[in-house]
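Undergrad:
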Amino acid sequence: MSSRSSLLTHSQQTASMPADVISVRKVQEGFQFVNSLASEGESDVEMSDDEKVEKSAEANDGAIVTPGELVTDDPIWMRGHGTYFLENKTYASVAGTVSRVNRLLSVVPLRGRYAPETGDHIIGRIAEVGNRRWKVDIGAKQHAVLMLGSVNLPGGVLRRKSESDELQMRNFLKEGDLLNAEVQSLFQDGSASLHTRSLKYGKLRNGVFLQVPSPLIVRSKNHTHNLPGNVTVILGVNGFIWLRKTSELDTANNSSAVVGKNAATLSGASGEFKPGNNSVSITRLEEESSWEIYSDKNDHISDVMRKTITRYSNVIKALAHCEIGITEARVVAAYEASMAYSQIGSLIDKENMEAIGQDVINAERMRGNA
Amino acid sequence: MSRLEIYSPEGLRVDGRRWNELRRLECSINTHANASDGSSYLEQGNNKVITLVTGPQEPKLRSQMNVTKATISVALNITRFSKIERSKSSHKNERRVLEMQTALVRTFEKNVMLHLYPRTQIEIQIHVLQQDGGLMSSLINGITLALIDAGIAMYDYISGVSIGLYDTTPLLDLNSVEENAMSSVTLGVVGKSEKLSLLLVEDKIPLDRMESVLAIGIAGSHRIRELMDKELRKHGERRLANMST
Amino acid sequence: MVLSVTEKSYLHESLASVPPARPDGRKADQFRPIEVFTDFLPASNGSSKVVASDGTECLVSVKCKVVDHAVEEDLVVVDVDIAGHRDDSGFVQGIASTLSKVLSTQLDRSCLRLTKKYSFKLYIDVLVLSSFSHPLTLISFAVYSALNSTQLPKLISSDDDLDVAELPTFHDYDFVKLNVSVPLLFTLAICGKNVLVDPASNESDVANNGILVTWNNGKATAPIRTLGLNEDYVSGVSPQSLQDSIKMIEQVAPEVLQALGGI
């Protein structure tokens, strides 16, 4: 048996068959390296005799560096993530871009798992129920910890946690359950401790889950957004996203200022509690922290609503496919752009996803804020 | 059948290379974004290798947890169809494969900054689709690329190459015909330095020739590092350009 | 991945409603987009790689060997390797046995015949690199593409060699394309009264049952059987669902074949 197709040729014949039932993209006599067609790398590698002149110059801000590369030999910089220090010189330990903030020098990796920071609004999935704590998968290097003492339990916010609570932890949250939470603190080893001690956090229901690469979600003040069509999206900083039917609480909380007020009433620190139009009263609070917040039952969700949720889910995937940062404005813009496609199912095709991404970018350019 | 001439008096090898020439090397990273944290596809001559890295992540078993650093595991899958003749065994749990896995773990354990990721596990999965000599060196290069793609901190690149000794001439980057005809050495070189993180000598090599073998091997590894670095930067620039739009 | 109770009930209600609302908006008879790569392993007679949009990826190599067909009964050998699953697990063995049964009984042996004494024996090696949903449909697409891009050595000696004790000889570099009708295997999920093709992993998690339908030579053929897709929602299959499944495959299979074959 002899080798039939020459390895050195990378002739690509791409044929795309648009079809209703299945879309198939075909590539013959090739595997990858679509981009290397024009490059010179088609023959055996010559040993180059001319050694490249070693750059002693520093890598600039935003420049790409790769592991082992000298970033600076100036010892005044503090060394942050993605760097290491050897004989008074700072080297990169990951492939990424150089970032200099004040005195801190770090390399931001191009890819990598979510690294939690205190205050992050995240979504997680219960991985394990343990002794007085839950282990939560948040897409980070390690599972986060949610202590029994860090959640609101039925029967009043301020009550003490008892032994019976410990025994029925699975009745509150069990393996597979999704919740949104805030990163309360970080442990020495970088893993996160979570809390859900606010009405905007807790078990998630009435919707669907999807996941995008975490760098696409930009940290901001507010991660819960009410979208047109009575749908609420929670853009977890860790790249986990929840789309659900807008609840009463969502409408009440539609500005972060109100959330802040609620938090204040919750902790009881502020004496200036005023039963305003937008805030939730103490009695409501007590009602909300009844068993209902751990309910496993969905409300009634109409078919139209389900369709809207599906459409939002597909356009968010389209944005992620195009590696466009995901914000409320862009989700809405992409949703509007997607209206050109009456079939929601056609949004999973690559070309359509790219067209939507392009639409969103173009619209931003037109408005001049790109 | 006439005996193949491994190294002609004119200085040409079976595939037309000179003694100090590498085989064609092409690589790409982030090839399996949905299935792993980091991935690479590497062609070194006729070797074709897919490498997937998952982690650092919560260990599947408590026993695999180390409170001070991450643990690395390598699973090497040499497919039945990887050689011209289909092999009868699946190569799993073969002693040679187990040894290669251990050697690879050792090679990377010192280079990856494992202390940054305590209580986690880094799983490396390698699928060899086709092999044609110098397999170990291709595995090293594939793992280096996939680890970097996963954003896992390491001190430097490790680039691998094999060198054979034909009579008194060292030959760089052996294919399988050459590998079967002479004794060979596999190197894993750290970055641009002359430090070795792996030295594999499986046959007899005259000690007085070792120096010339190592010299050409290190030079070849540096060239491979450059090629991998070029691909990585190209990939990085593409991503950055994409994000800024 | 374990789904939460509310996710499952949301999904199940959506899929069981009429018409079904699939989580990615697909129609009941719509497949996920796939990418097919062929002819990338020069050391094999045929090769293919199929990637689904969720990252499920399957690689197939076809190699051939000349055998005396009087001595060797099986002319088709199938080996399945699924990354992350042990070779002796029920999941892998189930898929392997289904595949090898379908391929060895339904591939036309006369296509492999060389001379009166000798035939080609095909080794079909399947490697699933990552699987999120049940991989059988994807594997079958990959096997189909690999076999349809398989090139076999061209015979130059006489095809009547009953009296000669010689092995067949082949042309040095000319090849003949293997021309054989390859069966396709389709997995379907049943949710309530609905039948869905190519279920994604979250759909499989809430399906009441799975059905495997084989398609060959323009019609649905054996084996047609149920597949367990999950443990929570399993219920019996009504004859109506079975008929619906076959009807649906009869509708979509020609289009799938056209999309896969029209290079």
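Chain order of the listed sequences is Y, L and Z.
Here the first sequence stands for residues 1 to 370, where the numbers follow the numbering used here.
Here the second sequence stands for residues 1001 to 1245, where the numbers follow the numbering used here.
Here the third sequence stands for residues 2001 to 2263, where the numbers follow the numbering used here.
Even glycine gets a Cβ: it sits at the ideal position worked out from N, Cα and C.
Counting only C-beta atoms, is THR2006 (chain Z) closer than 8 Å to chain Y at any point?
TA: Cβ-Cβ to chain Y under 8 Å: yes for THR2006 (chain Z).
Undergrad: Just to confirm my understanding: we take GLU69 (chain Y), look at its own chain, exclude 5 residues before and 5 after, and list those with CB closer than 6 Å. What are they?
TA: ALA92
Undergrad: Looking only at C-alpha atoms, which of Y:ALA59, Y:TYR294, Y:TYR114 sits nearest to ASP199 (chain Y)?
TA: Looking at the sequence provided, one finds Leu at residue 199 (chain Y) rather than Asp. That would be Y:TYR294, whose Cα lies nearest to the Cα of LEU199 (chain Y).
Undergrad: Under 8 Å between the Cβ atoms of ILE1124 (chain L) and THR1051 (chain L)?
TA: Yes, the Cβ-Cβ distance between ILE1124 (chain L) and THR1051 (chain L) is below 8 Å.
Undergrad: Can you give me the Cβ contacts of ARG1024 (chain L) inside the same chain, cut-off strictly under 8 Å, excluding the 5 residues immediately before and after it?
TA: GLU1043, GLN1044, GLY1045
Undergrad: Below 9 Å between beta carbons is the criterion; list the residues of the stretch 1030 to 1060 of chain L that meet it against any residue of chain Y, in chain order.
TA: ASN1030, THR1031, ALA1033, ASP1037, GLY1038, TYR1041, GLU1043, GLY1045, ASN1046, LYS1048, GLY1055, PRO1056, GLN1057, GLU1058
Undergrad: On the three-state DSSP scale, how would you describe PRO2019 (chain Z)?
TA: coil
Undergrad: Quick check on DSSP: helix, strand or coil for VAL2206 (chain Z)?
TA: helix
Undergrad: What in chain L is Cβ-close to GLU2057 (chain Z), meaning under 8 Å?
TA: HIS1032, ALA1035
Undergrad: At what residues does the alpha helix (DSSP H) containing LYS2101 (chain Z) begin and finish?
TA: Where LYS2101 (chain Z) is concerned, the enclosing alpha helix (DSSP H) starts and stops at 2090 to 2106.
Undergrad: Would you decide whether VAL1213 (chain L) is buried or exposed? Buried here means 16 or more other CB atoms lie within 10 Å of its CB.
TA: Looking at its Cβ environment, which holds 16 or more other Cβ atoms inside 10 Å, VAL1213 (chain L) is buried.
Undergrad: Is there at least one Cβ from chain L nearer than 8 Å to ILE381 (chain Y)'s Cβ?
TA: This structure does not reach residue 381 (chain Y), given that chain Y is present from 1 up to 370, and the question cannot be answered.
Undergrad: Return no unless some Cβ of chain Z is closer than 8 Å to the Cβ of GLU175 (chain Y).
TA: yes
Undergrad: Rounded C-beta distance between ASN238 (chain Y) and ILE122 (chain Y)? I'm assuming under 8 Å.
TA: 5 Å
Undergrad: Determine the burial state of TRP291 (chain Y): buried for a count of at least 16 other Cβ atoms within 10 Å of its Cβ, exposed for fewer.
TA: exposed
Undergrad: Output the distance between the C-alpha atoms of SER1090 (chain L) and PHE209 (chain Y), rounded to the nearest integer angstrom.
TA: So the two alpha carbons sit approximately 39 Å from each other.
Undergrad: Taking Cβ-Cβ distances shorter than 8 Å, what residues in chain Z pair up with ILE1084 (chain L)?
TA: ALA2043
Undergrad: Does the separation of the CB atoms of VAL2180 (chain Z) and LEU2107 (chain Z) fall below 8 Å?
TA: Yes, these two residues count as a Cβ contact at 8 Å.
Undergrad: Nearest-angstrom Cα distance between LEU243 (chain Y) and SER191 (chain Y)?
TA: Straight across, the Cα-Cα distance linking LEU243 (chain Y) with SER191 (chain Y) is about 26 Å.
Undergrad: Can you check whether the C-beta of GLY2201 (chain Z) is within less than 8 Å of a C-beta belonging to chain L?
TA: Here residue 2201 (chain Z) turns out to be Ser, not Gly, going by the sequence shown. No, no contact with chain L.
Undergrad: List the whole-angstrom C-beta distance separating THR1120 (chain L) from GLY1160 (chain L), where the pair is believed to meet the contact cut-off of C-beta under 8 Å.
TA: With a Cβ gap of about 25 Å, THR1120 (chain L) and GLY1160 (chain L) do not count as contacting.
Undergrad: Run through the DSSP bridge pairs and tell me what ASP2079 (chain Z) is partnered with.
TA: Note: ASP2079 (chain Z) is bridge-paired with Z:ASP2125 in the DSSP secondary-structure output.
Undergrad: Spell out whether any CB of chain Y is found under 8 Å from the CB atom of GLU2072 (chain Z).
TA: no
Undergrad: Is there a Cβ from chain Y that is less than 8 Å from the Cβ of GLY2025 (chain Z)?
TA: yes
Undergrad: Could you check the C-alpha separation between GLY2094 (chain Z) and ASN2230 (chain Z) for me, to the nearest Å?
TA: 15 Å
Undergrad: Hey, would you say THR83 (chain Y) sits closer than 8 Å to LEU110 (chain Y), going by beta carbons?
TA: LEU110 (chain Y) is positioned such that its CB atom lies no closer than 8 Å to that of THR83 (chain Y).
Undergrad: So with CB distances below 9 Å, who are the chain Z contacts of PHE209 (chain Y)?
TA: LEU2003, SER2004, GLU2007, ASN2202
Undergrad: Give the residues of chain Y in contact with SER2053 (chain Z), contact being defined as C-beta atoms less than 7 Å apart.
TA: ILE348
Undergrad: Using the Cα positions of ILE1148 (chain L) and THR2098 (chain Z), report the straight-line distance between them to the nearest angstrom.
TA: Computed Cα separation, rounded: 40 Å.
Undergrad: Using a Cβ-Cβ cut-off of 8 Å, state whether ALA2021 (chain Z) counts as contacting chain Y.
TA: yes
Undergrad: Round the Cβ separation of SER23 (chain Y) and ASP349 (chain Y) to the nearest angstrom and send it over; I've been treating them as touching at under 8 Å.
TA: 5 Å
Undergrad: Suppose contacts are defined by Cβ-Cβ distances below 8 Å. Is LEU2212 (chain Z) in contact with LEU2227 (chain Z) by that definition?
TA: yes
Undergrad: Select from the stretch 2158 to 2191 of chain Z all residues with a C-beta closer than 8 Å to any C-beta belonging to chain L, and list them in chain order.
TA: none
Undergrad: Hey, would you say LEU216 (chain Y) sits closer than 8 Å to VAL332 (chain Y), going by beta carbons?
TA: Inclusion of LEU216 (chain Y) and VAL332 (chain Y) in the CB contact set at 8 Å is not warranted, their separation being larger than that value.
Undergrad: Check distances from the C-beta atoms of the stretch 88 to 106 of chain Y to those of chain L and list, in chain order, the residues that come in under 8 Å.
TA: TYR91, SER93, VAL94, ALA95, GLY96, THR97
Undergrad: Which residue wins for smallest C-alpha separation from LYS2116 (chain Z), given the options Z:VAL2067, Z:ALA2146, Z:ASN2148?
TA: Z:VAL2067
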